[in-house]
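Take the sequence shown: its position 39, counting from 1, is numbered 38 in numbering that gives the first Met the number 0, and each next residue is one higher.
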Amino acid sequence: MRWVVCFTVVLVGCVATLPDDPTITADLAVETARAIIESRKPDAPDDKPKPGDRCENCEGRGYVGDGRVKVKCQPCDGTGKVR
Numbered sequence: 000m001r002w003v004v005c006f007t008v009v010l011v012g013c014v015a016t017l018p019d020d021p022t023i024t025a026d027l028a029v030e031t032a033r034a035i036i037e038s039r040k041p042d043a044p045d046d047k048p049k050p051g052d053r054c055e056n057c058e059g060r061g062y063v064g065d066g067r068v069k070v071k072c073q074p075c076d077g078t079g080k081v082r
């Protein structure tokens with residue numbers, strides 16, 4: 000509850016005014032729009048494997064296991080390549 004009082008004092012003390020110079024106001028508008036557009040861009044491209052690429056589950060071997068026990072890789076159906 001004590002933070003509400005502190006925030007209220009801070010907000011009342013802050014007055015949002017724009018500068019009188021129109022060029023500065025236009026620059027602020029452009030920079031604000033640029034920041035919004037940059038924040039909406041996707042973080043990373045979608046790196047999905049393409050058909051024919053090496054299977055990530057079995058690392059292209061076609062089976063999963065330690066070598067002594069081998070089980071056919073289900074995602075690639077034992078081919079070692081992405082379907």
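A virtual CB, placed ideally from N, CA and C, is assigned to each residue, including glycine.
Distance between beta carbons of residue j and residue i, contact taken as under 8 Å
i	j	result
K80	C54	6 Å
N56	P41	Actually they are not in contact, since the Cβ atoms of N56 and P41 sit about 25 Å apart, beyond 8 Å.
R82	D76	7 Å
Distance CB(residue i)-CB(residue j) smaller than 9 Å
i	j	result
G61	T78	yes
Three-state secondary structure assigned by DSSP to residue i
i	result
V29	helix
R39	helix
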